[in-house]
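Trainee: Just passing along the structure, written as structure tokens.
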Amino acid sequence: MRTPRTSVASRSAAAPARPTSSLQMIPLGGEREIGKNTWVFRYEDDIILVDAGLAFPDETMHGVNIVLPDMTYIKQNRDKLRALVVTHGHEDHIGGIPYHLREFDIPVIYGPRLALALLEEKLRDVGLLNRTELRPVGPRDIVPLCKNFFAEFIRNTHSSADSFTIALHTPVGVVIQTGDFKIDHTPVDGERFDLHRLAEHGEKGVLCLISDSTNAEVPGFTPSEAAVVPGLTKAIAEAKGRVIITTFASSVHRLNLVLQIAEQQGRVVSLLGRSMLNVVAHARRLGYIRCKDETLQPMHVINSLPDDKVIILTTGSQGEPLAALTRIANGEHPQLQIKPGDTVIWSANPIPGNTLAVTRVIDKLMELGANVIYGKDKGLHVSGHGCQEDQKLMIALTRPKFFVPTHGEYRMLVKHAETAMSMGIPRENIVIINNGDVVEVNQERIAVVGRVPAGVQMITASHDGVLMDEILQERQQMARDGVVTVVISLDGRGRLLCTPQVQHLGLAGEGNFKGSDLKPLVEDTLQQAWPRFARSLERGSLEVDWAGLKAEVEQVVRRFVREQLPGKPTVLVFVQSPEEESVPVTSLPVGEDQLDQERLALGRRRRSSAAVAAS
610 MRTPRTSVAS
620 RSAAAPARPT
630 SSLQMIPLGG
640 EREIGKNTWV
650 FRYEDDIILV
660 DAGLAFPDET
670 MHGVNIVLPD
680 MTYIKQNRDK
690 LRALVVTHGH
700 EDHIGGIPYH
710 LREFDIPVIY
720 GPRLALALLE
730 EKLRDVGLLN
740 RTELRPVGPR
750 DIVPLCKNFF
760 AEFIRNTHSS
770 ADSFTIALHT
780 PVGVVIQTGD
790 FKIDHTPVDG
800 ERFDLHRLAE
810 HGEKGVLCLI
820 SDSTNAEVPG
830 FTPSEAAVVP
840 GLTKAIAEAK
850 GRVIITTFAS
860 SVHRLNLVLQ
870 IAEQQGRVVS
880 LLGRSMLNVV
890 AHARRLGYIR
900 CKDETLQPMH
910 VINSLPDDKV
920 IILTTGSQGE
930 PLAALTRIAN
940 GEHPQLQIKP
950 GDTVIWSANP
960 IPGNTLAVTR
970 VIDKLMELGA
980 NVIYGKDKGL
990 HVSGHGCQED
1000 QKLMIALTRP
1010 KFFVPTHGEY
1020 RMLVKHAETA
1030 MSMGIPRENI
1040 VIINNGDVVE
1050 VNQERIAVVG
1060 RVPAGVQMIT
1070 ASHDGVLMDE
1080 ILQERQQMAR
1090 DGVVTVVISL
1100 DGRGRLLCTP
1110 QVQHLGLAGE
1120 GNFKGSDLKP
1130 LVEDTLQQAW
1140 PRFARSLERG
1150 SLEVDWAGLK
1160 AEVEQVVRRF
1170 VREQLPGKPT
1180 VLVFVQSPEE
1190 ESVPVTSLPV
1200 GEDQLDQERL
1210 ALGRRRRSSA
1220 AVAAS
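Residue numbering for the sequence shown follows my numbering, beginning at 610 and increasing consecutively.
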């Protein structure tokens, strides 16, 4: 156990004055889901954030790369935001920060050295380092965030090195935000959970505990990270050729273990994936990864060595489409191709929602001839989140008056609440909440008193903007039911210049669909609708409401398409018309020769209108 460090503020300074109002606690992400963990704490006009994470899209989010919490509440109250506190360096806790800094300033960010080193590089890459100040902290530091908040950093154990639980000192009492944790009594880096400090807070009185619920359904204790050493050692030793190991790039302890085993077995290691390279570089610089320089070699050196002397550490344990291992499985990686005799070791479990993507990558690797070792029974992975007994110990040490389960899907939150009740916390002192719920707490009560905006922001794969919900719904509908496009060309008097051009993609039952039937339908619609959308003006000119006419045609075409096809295919109607100028009434009765001349002229001056889309 480390001795207490000199605090940024003395403990006596953190003692709150007599409260005049309640503390508000608002999750913007992490409730009833895994990912985008973001908590807001507000007392009067002071707001602080604890973590600001992201999530990854599921298979229904077509074209989406990153999912962020809706930060409307913070943008509306940006003048009250005093600081951001980071618990550790996983993407679901820090990954949203570069995106948020494009929309609002964060005065200062406090967090562990490793997390801030990773964050600094992210911000430098996108030119946002000047939008905030990064201040690293150590175990037992107490930092004054503003008049009403002090943050105390308590060392915990997790799959990420340099991880903290936060004791938030507020005017109404101490709130413990556990961050991600498990209670590892034999941590591989020797940094033990500061259970003594948790117990001290429990002895003095903890107002509220906000606790990680990820493994709330799993009995027992989560095994130590050291438990993977025998399984990894055996799998690597038995491999006859190259060994490819995939795990979370941010699992620094796991990476360090692989490097140690490689040195013991006379193998060298190469890294694939930008995040893997970044994390290892920063972790080595800060002392969280220790290995000989010659143990790490670039791919061009690895390729010249005997296969049984090689280990490749790669990203892609969750089947991410652009990750290195997925590209390897698809035969698309420029530096590495699978060959018979390769052993792929899966040192991670799928995050809920990623199982299908992971199994697809495993299948492809096997088809290419790799021996893939995976599964919970192989001893290749342990969770970084505490199970029921870890959670009970956290409650027993802190002895909170009120309890809020977080970081989990709904069933996990419910189970964690049941565990808390089994530990003696009354049901009325526990709240299970949604993202956006405003939880008000003081010494007398805890209650949900309102809501703030809390949805998602979806960042497109090209990183060029936010995808709105209605656009995603359109994409989902197109993927489910298909698309029909109809292009209609009209002359200045609303007559068809050619047969409507119909194309369709992804339709179910498309054999029953006859695009040729659209011509008489469109002609009839134009004939009936024209008098309502074209009117005579003075001096023999004609004014046409082209937008209204297009909408009328689109409605009829959509109805026709959906009567012939199952489901609700998306219908896109493009109406090509002359420039919206006055048309002489006297020219309406024309012969075929004159119409041909007008068609030629129209081809030179025609413009395409915007598509009218029907979802």
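Glycine is no exception: its CB is placed at the ideal position from the N, C-alpha and C atoms.
May I ask you to list the residues that DSSP assigns as paired with residue 1144?
Mentor: DSSP, once it has assigned bridges, lists 1152 as partnering residue 1144.
Trainee: Since residue 1254 and residue 741 are thought to touch, with beta carbons under 8 Å apart, how far apart are those beta carbons, to the nearest angstrom?
Mentor: This structure leaves residue 1254 out entirely; the chain is present only between 610 and 1224.
Trainee: Is the distance from the Cβ of residue 683 to the Cβ of residue 713 below 8 Å?
Mentor: Cβ distance < 8 Å, so residue 683 and residue 713 count as in contact.
Trainee: I need the straight-line Cα distance from residue 1097 to residue 1128, nearest angstrom please.
Mentor: Residue 1097 and residue 1128: Cα-Cα distance of roughly 9 Å.
Trainee: Rounded to the nearest angstrom, how far is the Cβ of residue 1048 from that of residue 1013, given a contact under 8 Å?
Mentor: Contact holds; Cβ gap of about 7 Å.
Trainee: Measure the C-alpha to C-alpha separation of residue 800 and residue 751 and round it to an integer number of angstroms.
Mentor: Cα-Cα distance, rounded: 19 Å.
Trainee: Closer than 6 Å by C-beta to residue 844: which residues in its own chain qualify, once you throw out the five before and the five after it? Chain order, please.
Mentor: The answer, listed in chain order, is 954 and 982.
Trainee: Helix, strand or coil for residue 760 per DSSP?
Mentor: Here residue 760 sits in strand by DSSP.
Trainee: Within 10 Å of its beta-carbon, does residue 1054 have 16 or more other beta-carbons around it, so buried, or fewer, so exposed?
Mentor: With fewer than 16 Cβ atoms within 10 Å of its Cβ, residue 1054 is classed as exposed.
Trainee: In angstroms with no decimal places, state the Cα-to-Cα distance between residue 1135 and residue 1173.
Mentor: Going from the Cα of residue 1135 to the Cα of residue 1173 covers about 21 Å.
Trainee: What separation, rounded to the nearest whole angstrom, lies between the Cα atoms of residue 918 and residue 851?
Mentor: Answer to the nearest angstrom: the Cα atoms are 7 Å apart.
Trainee: Straight-line CA distance for residue 962 to residue 645?
Mentor: Roughly 15 Å between the two C-alpha positions.
Trainee: Please classify residue 1056: does DSSP put it in a helix, a strand, or coil?
Mentor: In this structure, residue 1056 counts as strand in the three-state DSSP scheme.
Trainee: How about residue 737 and residue 1044: are their beta carbons less than 8 Å apart?
Mentor: No, they are not a contact pair.
Trainee: Here's a check: name, in chain order, each residue in its chain whose Cβ is nearer than 7 Å to the Cβ of residue 846, leaving out the five neighbours to either side.
Mentor: The answer, listed in chain order, is 874.
Trainee: Given 8 Å as the limit, is there contact between the segment 717 to 737 and the segment 818 to 832, that is, 3 or more CB pairs closer than that?
Mentor: No: the two stretches stay apart, fewer than three of their Cβ pairs being nearer than 8 Å.
Trainee: Excluding the 5 residues flanking residue 940 on each side, which residues of the same chain have their C-beta closer than 7 Å to its C-beta?
Mentor: Counting only Cβ-Cβ distances below 7 Å, and skipping sequence neighbours, we find 946.
Trainee: Considering Cα atoms alone, identify which of 771, 1069, 783 and 1017 is closest to residue 759.
Mentor: With distances taken between Cα atoms, residue 759 lies closest to 783.
Trainee: Look up residue 707 in the DSSP assignment and say whether it is helix, strand or coil.
Mentor: Here residue 707 sits in helix by DSSP.
Trainee: Quick one: residues in its chain with C-beta nearer than 7 Å to the C-beta of residue 756, no 5 flanking neighbours on either side, listed in chain order?
Mentor: 655.
Trainee: What do you reckon, are the CB atoms on residue 855 and residue 956 nearer than 8 Å?
Mentor: In contact: residue 855 and residue 956 (Cβ atoms closer than 8 Å).
Trainee: Give the DSSP-derived three-state secondary structure of residue 879 in the structure shown.
Mentor: In the structure shown, residue 879 sits in a strand (DSSP, three-state: E or B).
Trainee: Tell me whether residue 946 sits in a helix, a strand or coil according to DSSP, three-state version.
Mentor: The answer is coil: DSSP assigns residue 946 none of H, G, I, E or B.
Trainee: When you compare each of 721, 749, 715 and 1169 to residue 739 by their alpha carbons, which one comes out closest?
Mentor: When only C-alpha atoms are compared, the closest one is 715.
Trainee: Skipping 5 residues on each side, what residues in its chain have a beta carbon closer than 6 Å to that of residue 708?
Mentor: So the list reads 677, once near-sequence residues are dropped.
Trainee: Since residue 877 and residue 914 are thought to touch, with beta carbons under 8 Å apart, how far apart are those beta carbons, to the nearest angstrom?
Mentor: Contact holds; Cβ gap of about 7 Å.
Trainee: Around the C-beta of residue 612, are 16 or more other C-beta atoms found within 10 angstroms, so that it is buried, or is it exposed?
Mentor: Unreliable positioning characterises residue 612 in this predicted model, as indicated by a pLDDT of 36, which lies under 50. The coordinate reading is nonetheless provided below. When all chains shown are included, residue 612 counts as exposed.
Trainee: Using three-state DSSP, classify residue 1190 as helix, strand or coil.
Mentor: Annotation note: pLDDT 42 at residue 1190 (below 50); position unreliable, no value reported.
Trainee: Going residue by residue through the segment 830 to 909, where are the continuous alpha helix (DSSP H) segments of at least 4 residues, counting only ones entirely within it?
Mentor: Listed in chain order, they are 838 to 847, 861 to 873 and 883 to 895.
Trainee: Would you say the segment 859 to 867 touches the segment 1028 to 1041, given that touching needs at least three Cβ pairs under 8 Å?
Mentor: Segments in contact, no.
Trainee: Strictly by DSSP, which residues pair up with residue 980?
Mentor: According to DSSP, which records beta bridges pairwise, residue 980 is partnered with 952.
Trainee: Whose C-beta lies closer than 7 Å to the C-beta of residue 724 among residues of the same chain, with five residues either side of it excluded?
Mentor: Excluding residues within five positions, the ones whose Cβ falls inside 7 Å are 695, 697, 698, 703 and 771.
Trainee: What is the DSSP secondary structure of residue 696, reduced to helix, strand or coil?
Mentor: In this structure, residue 696 counts as coil in the three-state DSSP scheme.
Trainee: Classify residue 891 as buried or exposed, calling it buried when 16 or more other Cβ atoms lie within 10 Å of its own Cβ.
Mentor: When all chains shown are included, residue 891 counts as buried.
Trainee: Identify every residue that forms a DSSP beta bridge with residue 1098.
Mentor: Looking at the DSSP assignment, residue 1098 forms a beta bridge with 1185.
Trainee: On the three-state DSSP scale, how would you describe residue 1166?
Mentor: It is helical.
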